[in-house]
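All remarks here apply to the structure that follows.
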Amino acid sequence: MVDAFRVTRTAPDRSSTGTDRRRGLGLMAVAIVLTALNLRTAVTSVGPVLEEIERGLGISSSLAGVITTMPVLCFALIGFTARRCRPATATRTCSRAPSSR
Numbered sequence: 236m237v238d239a240f241r242v243t244r245t246a247p248d249r250s251s252t253g254t255d256r257r258r259g260l261g262l263m264a265v266a267i268v269l270t271a272l273n274l275r276t277a278v279t280s281v282g283p284v285l286e287e288i289e290r291g292l293g294i295s296s297s298l299a300g301v302i303t304t305m306p307v308l309c310f311a312l313i314g315f316t317a318r319r320c321r322p323a324t325a326t327r328t329c330s331r332a333p334s335s336r
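Here our numbering is used: position 57 in the sequence shown is 292, and no number is missing along the way.
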């Protein structure tokens, strides 16, 4: 009887090198810049059509101002909570911010 799960060779060593790390950081920077460019359109496109939004929804100028502020507040909230959260691969996904003791 042949053992179908017998290991015939070991996996190659995939330890992180300096080049791999720089490549990963570069890809992450590109992803952040592309995401920022994509989100910029959504944030800045409300201003030119604000009067149409006010008339269409029947809201006041004050409430329309709140609507234009919402993306900025959401970015601030996400930025604040992202600092406290670890990557999804960690055993605990969120923790307290590190103390400065």
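Note that the Cβ used here is the ideal one computed from N, Cα and C, for glycine as well.
As the structure is a computational prediction, the values presented were derived from the model and not from experiment.
What is the C-beta distance between Val281 and Ile313, in whole angstroms, given that I count them as a contact (C-beta under 8 Å)?
Between Ile313 and Val281 the Cβ distance is about 18 Å, and since that is not below 8 Å, they are no contact.
query: Rounded to the nearest angstrom, how far is the Cβ of Ser296 from that of Glu289, given a contact under 8 Å?
result: 7 Å
query = Just the Cα atoms here: how many angstroms apart are Thr245 and Arg257?
reply = 27 Å
*asked:* If contacts are defined as beta-carbon pairs under 8 Å, then Ala299 and Leu285 qualify, I think. What distance do you get, rounded to the angstrom?
replied: Yes, Ala299 and Leu285 are in contact; Cβ-Cβ is about 6 Å, under 8 Å.
Q. Taking the alpha carbon of Val278 as the point to measure from, which residue in Arg319, Thr254, Met305 has its own alpha carbon closest?
A. Met305
Span of the alpha helix (DSSP H) around Arg290 = Arg290 -> alpha helix (DSSP H) spans 285-292.
Problem set entry | Alpha-carbon to alpha-carbon, Leu269 and Phe310 | Take the alpha-carbon of Phe310 and the one of Leu269: they are about 16 Å apart.
Requested in this report: Can you tell me which of the three DSSP states Leu269 falls into?
Outcome: helix
>> So for Arg244, helix, strand or coil by DSSP?
In response: Reduced to three states, the DSSP call for Arg244 is coil.
Inter-residue spacing [alpha-carbon to alpha-carbon] between Pro283 and Thr276:
Whole-angstrom Cα-Cα distance: 12 Å.
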